[in-house]
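Peer 1: Quick one: this structure, given as structure tokens, is what I'll be asking you about.
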Amino acid sequence: MSMSRIYAIGDIHGHLSELENAHRLIAADQAGEGGPAQIVHIGDLTDRGPDSKGVINFLMAGLERGEDWVVLKGNHDRLFTTYYRTGSVTDGRLRVGMGWLNAEMGGDVTLQSYGVAKRLLESAGKLHARAVKKVPEDHIRFLEDLPLWHRAEGMIFVHAGIRPGFPMEAQDEDDLLWIRDEFLWRTDQHEALIVHGHTPVDYPTHYSNRVNLDCGAGYGNPLVPVVFEDGHCFALTDDGRDPLA
4 MSMSRIYAIG DIHGHLSELE NAHRLIAADQ AGEGGPAQIV HIGDLTDRGP DSKGVINFLM
64 AGLERGEDWV VLKGNHDRLF TTYYRTGSVT DGRLRVGMGW LNAEMGGDVT LQSYGVAKRL
124 LESAGKLHAR AVKKVPEDHI RFLEDLPLWH RAEGMIFVHA GIRPGFPMEA QDEDDLLWIR
184 DEFLWRTDQH EALIVHGHTP VDYPTHYSNR VNLDCGAGYG NPLVPVVFED GHCFALTDDG
244 RDPLA
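Numbering (my numbering), first residue to last: 4 to 248.
Structure follows, in structure tokens:
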């Protein structure tokens with residue numbers, strides 16, 4: 004395995020076909036660059052897209068067969084497990100009136116991928132009971148056990164970002180899954196280059212102190228993987244590597 008090259012994939016949001024295509028692009032790059040290297044998935048595996056179940060199956064199968072993959076937890080993944088365990092559709096960082104089952108958040112589509120669609124006039128309790136029966140327990144345990152961050156090759160990979168000024172060991176889980184402005188507007192260097200998602204941009208973007216990989220797959224945009232090698236960063240496309248300045 005390469006010790007100076009590492010790949011990363013941003014927010015997937017239930018789009019299995021995009022995830023498969025991202026891995027295809029990575030495989031093509033690996034074939035021309037000396038073989039396999041670690042692949043980090045930045046979180047938000049679920050919600051909004053049509054096949055959250057398929058995404059989880061794909062990633063679980065890869066890890067089980069020994070692929071050198073890292074899969075991180077995103078805020079949507081935690082929302083899913085919280086709903087399964089408690090029936091709650093809220094989170095401390097969600098604005099008032101917003102819930103996991105709202106169309107904007109996409110939890111309803113996640114349940115549909117498991118064959119659970121809300122019935123007319125069905126109570127919240129009955130919907131939750133049906134979800135618990137249909138969603139495999141091992142999918143929930145998989146999401147619950149995902150790490151919050153990963154350090155490799157002089158970089159820190161995390162879903163949303165970090166609280167500036169605090170070491171990773173002192174970071175709060177809510178920040179790692181949800182933070183935006185306090186992190187995004189910071190221009191000074193962190194303890195390492197932060198590779199994150201969570202806040203959609205049009206294309207993977209390098210900001211000197213961080214790299215944002217969320218290209219809005221949850222809103223129907225393509226999933227664009229990146230590769231880091233010898234201090235350089237490239238987006239992977241059908242035409243090969245595209246340098247990110």
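C-beta: ideal position from N, C-alpha, C; glycine also.
Residue 226: buried (16+ other C-beta within 10 angstroms of its C-beta) or exposed?
Peer 2: buried
Peer 1: Please tell me whether residue 176 and residue 84 are closer than 7 Å, where the distance is taken between their beta carbons.
Peer 2: No, these two residues do not count as a Cβ contact at 7 Å.
Peer 1: Is it buried or exposed, residue 207, if we count other Cβ atoms within 10 angstroms and call 16 or more buried?
Peer 2: buried
Peer 1: State the DSSP-derived secondary structure class of residue 4, mapped to helix, strand or coil.
Peer 2: Confidence in residue 4 is poor, its pLDDT being 46 and thus under 50, which makes the residue's placement unreliable; the coordinate value appears in the next sentence. If DSSP states are grouped into helix, strand and coil, residue 4 belongs with coil.
Peer 1: Are the segment 102–113 and the segment 194–212 in contact at 8 Å, needing three or more beta carbon pairs?
Peer 2: no
Peer 1: May I ask you to report which of helix, strand or coil DSSP gives residue 31?
Peer 2: helix
Peer 1: Less than 7 Å separating the beta-carbons of residue 54 and residue 17?
Peer 2: yes
Peer 1: Under the three-state reduction of DSSP, which class applies to residue 21: helix, strand or coil?
Peer 2: helix
Peer 1: Would you say the segment 69–76 touches the segment 155–167, given that touching needs at least three Cβ pairs under 8 Å?
Peer 2: Touching, yes, given that three or more Cβ pairs across the two stretches are closer than 8 Å.
Peer 1: Can you tell me the Cα-Cα spacing of residue 43 and residue 33, whole angstroms?
Peer 2: 14 Å
Peer 1: Do residue 193 and residue 224 have their C-beta atoms within less than 7 Å of each other?
Peer 2: no
Peer 1: Once DSSP output is grouped into helix, strand and coil, what is the label at residue 122?
Peer 2: coil
Peer 1: Would you mind working out which of 127, 13, 89 sits nearest residue 105, comparing C-alpha positions?
Peer 2: 127
Peer 1: Please classify residue 56 as buried or exposed, where buried requires at least 16 other C-beta atoms within 10 Å of its C-beta.
Peer 2: buried
Peer 1: For residue 88, does the three-state DSSP call read helix, strand or coil?
Peer 2: helix
Peer 1: Between the segment 78–98 and the segment 121–135, are three or more C-beta pairs nearer than 8 Å?
Peer 2: Three or more pairs of CB atoms, one per stretch, sit closer than 8 Å, so the segment 78–98 contacts the segment 121–135.
Peer 1: Just curious, the beta strand (DSSP E) that residue 232 is in, first and last residue?
Peer 2: 229–232
Peer 1: Could you spell out where the alpha helix (DSSP H) holding residue 144 opens and where it closes?
Peer 2: Boundaries of the alpha helix (DSSP H) around residue 144: 140–147.
Peer 1: Buried or exposed for residue 205, please, with buried defined as at least 16 other CB atoms from any protein chain shown within 10 angstroms of its CB.
Peer 2: Exposed, since its Cβ has fewer than 16 Cβ neighbours within 10 Å.
Peer 1: With respect to the alpha helix (DSSP H) encompassing residue 245, which residues constitute its N-terminal and C-terminal limits?
Peer 2: Unbroken run through residue 245 is the beta strand (DSSP E), 243–246; no alpha helix (DSSP H).
Peer 1: Which parts of the segment 35–123 are runs of the alpha helix (DSSP H), unbroken and 4 residues or longer, counting only runs that do not cross its ends?
Peer 2: Listed in chain order, they are 55–67, 78–89, 110–116.
Peer 1: Which of the three DSSP states is assigned to residue 154 in this structure?
Peer 2: strand
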